[in-house]
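Chemist: Mapping of the sequence shown onto my numbering: residues 75 to 481, in sequence order. Cβ atoms here follow ideal geometry from the backbone N, Cα and C, with glycine treated the same way. These figures come from a predicted structure and were not determined experimentally.
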Amino acid sequence: MDCKSIGQANPDIAGTGILAAFVVQSLIAVIVSGYTWMLSSEIRRRKKEQEQSEARRNWTTILSQQWRRVLDTLIEDVPFFRAARNAVIGCVPLFYVVKNALYPGYRGVKDWLIGKQLEQSEDGVTPTTKRLDFANRILASGSDAQTFTGIALLISALVQSKNLSLYHMHILYDTNSLVIVSNCAASHWVFRHPSKGPIRLALMTIWAALLVAYMSIFTSRLQKWDADVPFHCYKTALISRPGDPHPLVDNVYIGFTFVYIMASFLYAVKLAILTNAKFREMLPGKQRRAVELTNSRSADNPISEGVAAGMQVWSLAIALMEAHDVAFGGLMDIQYAILTIALVQCPLHIYSIFALRAANERYLEGGSEEAQWGFGQIAAVVLLGGNVLQIVDGVVEYHVKESVKER
75 MDCKSIGQAN PDIAGTGILA AFVVQSLIAV IVSGYTWMLS SEIRRRKKEQ EQSEARRNWT
135 TILSQQWRRV LDTLIEDVPF FRAARNAVIG CVPLFYVVKN ALYPGYRGVK DWLIGKQLEQ
195 SEDGVTPTTK RLDFANRILA SGSDAQTFTG IALLISALVQ SKNLSLYHMH ILYDTNSLVI
255 VSNCAASHWV FRHPSKGPIR LALMTIWAAL LVAYMSIFTS RLQKWDADVP FHCYKTALIS
315 RPGDPHPLVD NVYIGFTFVY IMASFLYAVK LAILTNAKFR EMLPGKQRRA VELTNSRSAD
375 NPISEGVAAG MQVWSLAIAL MEAHDVAFGG LMDIQYAILT IALVQCPLHI YSIFALRAAN
435 ERYLEGGSEE AQWGFGQIAA VVLLGGNVLQ IVDGVVEYHV KESVKER
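Shown next, in the form of structure tokens:
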């Protein structure tokens, strides 16, 4: 049955500025996260090449020589390999023509994106590590802006939850789901600052708690789907097939994506803590202080028992972290996992947002109002603009410094 009354327009929830700010920021996070992964890969590759021992180089040389002898024997005795060798030799001139034409441009773009080789560094800081630090700061700034906007949007939704239509509740769910994209992208950097790290973790936790509270209201309202009751349905032409039962289809989508969101959040926080050197160095000290505090109190003191239990949990956390380091790879594999999470999530929620809006906007009462710019939309874009300005300012500042050094 077709939905008869979707509800009234609400530019503070589904306005153009609100949606644009969340979508653009999440796309920036995905792109910059991919860039940091590329830079980290290059740094690790160069470091591995530098630390390669002479014995390993000798072993590689011996192995390559033996392999060359085997190939020479095959080419000499087997006609097929001899014909393949001649075909490859015939293509070599063409390969060098293409390489000489394209390589200078490729090399210039690579040097601009990644930075020069490690041996051209000064005081252990290379152009590549500078780029990585700059990209990580962009990720952290974007994560902060997205988290603040997400918290504000969730508080607004919880305050007016009784008056929100089911359509706007779905839009708000998908919009806030993009917050986790920025948080995942910045999770390996977010705890590095000694004072801002705990604050960022607290903000991310507040956002997650508000999202859980909002979801309890949203899912409860969704179970009361009724195409004949105003505000209790929406058009689903672009997000489901004709004849699909509602709210069953919506429950499947929201249940799957919400579990994925919360798992991504917990995974990102866990990996951020695991890869933070200062936090790891702090663990043994905290454990020792807990032991001293426990020993200084009487055995029947409930506080002492609580501290002892906390100390055991802390010891278990240390053991799990050490086991994690043995079982899994380092920061590179972690960044790759986080980037994959963001790449999977981001397009799904962006499509859901704009598909829902395209199918429902013209049926809203006062639907054109959502295209009008109010305070909430302007504030969201201003937060996004601050991050964009930081990107531009950082790029200009970096290249000005590099040009001064070259003079």
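#1: How close, in whole Å, do the beta carbons of E123 and T202 come, if the pair is a contact with beta carbons under 8 Å?
#2: Could you tell me the distance, in whole angstroms, from the CA atom of Q82 to the CA atom of Q297?
#3: Using CA atoms only, rank isn't needed, just tell me which of Y241, I335, G450, Q451 is closest to S487.
#4: Measure the alpha-carbon distance for S261 versus Q234 and round it to whole angstroms.
#5: Thinking C-beta only, is I254 closer than 9 Å to S338?
#6: Give me, in chain order, the residues of the same chain whose beta-carbon lies closer than 8 Å to that of F222; leave out the 5 immediate sequence neighbours on both sides.
#7: Roughly how many whole angstroms lie between the Cα atoms of G450 and T90?
#8: Quick one: Cα of H398 to Cα of S251, how far?
#9: Note down, one range per segment and in chain order, each alpha helix (DSSP H) of at least 4 residues found wholly within the segment 193-264.
#10: With a 10 Å radius around its C-beta and 16 neighbouring C-beta atoms as the bar for buried, classify G317 as buried or exposed.
#11: May I have the straight-line CA-CA distance separating A454 from Y327, to the nearest angstrom?
#12: Between the beta-carbon of S239 and the beta-carbon of S100, is there less than 9 Å?
#13: Leaving aside the five residues before and after E443 along the sequence, list all residues of the same chain whose C-beta is less than 7 Å from its C-beta, in chain order.
#14: Could you please give the first and the last residue of the uninterrupted alpha helix (DSSP H) stretch that includes P272?
#15: Between E396 and N434, what straight-line distance do the alpha-carbon atoms span, to the nearest angstrom?
#16: Within its chain, find whatever has a CB closer than 8 Å to the CB of P321; leave out the 5 residues flanking it on each side and keep chain order.
#17: Please check the pair L206 and A259, which I expect to be a contact at CB under 8 Å, by giving their CB distance rounded to whole angstroms.
#18: Quick one: Cα of L463 to Cα of A157, how far?
#19: Take D497 and list the residues in its own chain whose beta-carbon comes closer than 8 Å to its own, dropping the five residues that flank it on each side.
#20: Going by beta carbon distance, what residues of the same chain come within less than 8 Å of Y180, once the five residues before and after it are set aside?
#21: Is the Cβ-Cβ distance between L430 and Y308 less than 9 Å?
#22: Check for me: the alpha helix (DSSP H) holding D86 runs from which residue to which?
#23: Should V104 be labelled buried (16 or more other beta-carbon atoms within 10 Å of its own) or exposed?
#24: Per DSSP, what are the beta-bridge partners of Q82 in this structure?
#25: Should W111 be labelled buried (16 or more other beta-carbon atoms within 10 Å of its own) or exposed?
#26: Does the beta-carbon distance from A231 to L246 come in below 9 Å?
#27: Do you know whose CA, among G440, T147, L312, A445, lies nearest I427's CA?
#28: Which value, in whole angstroms, describes the spacing of the CA atoms of A301 and T310?
#29: With burial defined as no fewer than 16 other Cβ atoms inside 10 Å of the residue's Cβ, what is the status of N461: buried or exposed?
#30: Can the beta-carbon of T331 be found closer than 9 Å to that of Q419?
#31: Return yes when the Cβ of Y341 is within less than 9 Å of the Cβ of I415, no when it is not.
#32: Could you say which of S107, K236, A282 lies nearest to C216 if we only look at CA atoms?
#33: May I ask you to report which of helix, strand or coil DSSP gives S77?
#34: Which same chain residues end up closer than 6 Å to V97 when comparing Cβ atoms and leaving out the 5 residues on each side of it in sequence?
Modeler: According to the structure shown:
#1: Not really, about 13 Å apart at Cβ, beyond 8 Å.
#2: Between Q82 and Q297, the alpha-carbon positions lie close to 21 Å from each other.
#3: The structure shown does not extend to residue 487, since the chain spans only 75 to 481, so no value can be given for it.
#4: Cα-Cα distance, rounded: 31 Å.
#5: yes
#6: L277, L457
#7: 10 Å
#8: Below a pLDDT of 50, predicted positions are generally treated as unreliable, and H398, at 47, falls in that range; no measurement from the model is reported.
#9: 201-233, 240-251, 253-260
#10: exposed
#11: Between A454 and Y327, the C-alpha separation is close to 27 Å.
#12: no
#13: A83, P85
#14: Boundaries of the alpha helix (DSSP H) harbouring P272: 270-296, taken from the DSSP string.
#15: Caution is warranted here: a pLDDT of 48 is assigned to E396, below 50, making its placement in the model unreliable, and the coordinate value is therefore given only provisionally. Approximately 51 Å between the Cα atoms of the pair.
#16: L296, Q297, W299
#17: L206 to A259, Cβ: 14 Å. No contact.
#18: 59 Å
#19: No statement about residue 497 is possible, as the shown extent of the chain runs from 75 to 481 and does not include it.
#20: Note that Y180 scores 49 on pLDDT, short of 50, meaning its location in the model is unreliable; the coordinates nonetheless yield the value given after this. Counting only Cβ-Cβ distances below 8 Å, and skipping sequence neighbours, we find nothing.
#21: yes
#22: 85-88
#23: buried
#24: Residue pairing by DSSP places Q82 opposite E439 in a beta bridge.
#25: It counts as buried.
#26: yes
#27: L312
#28: 12 Å
#29: buried
#30: yes
#31: Against a cut-off of 9 Å, the Cβ pair of Y341 and I415 comes out as a contact.
#32: Here residue 216 is Gly; the residue named in the question, Cys, does not match the sequence. When each option's Cα is compared against that of G216, the closest is S107.
#33: According to the sequence shown, residue 77 is Cys rather than Ser. Reduced to three states, the DSSP call for C77 is coil.
#34: I424
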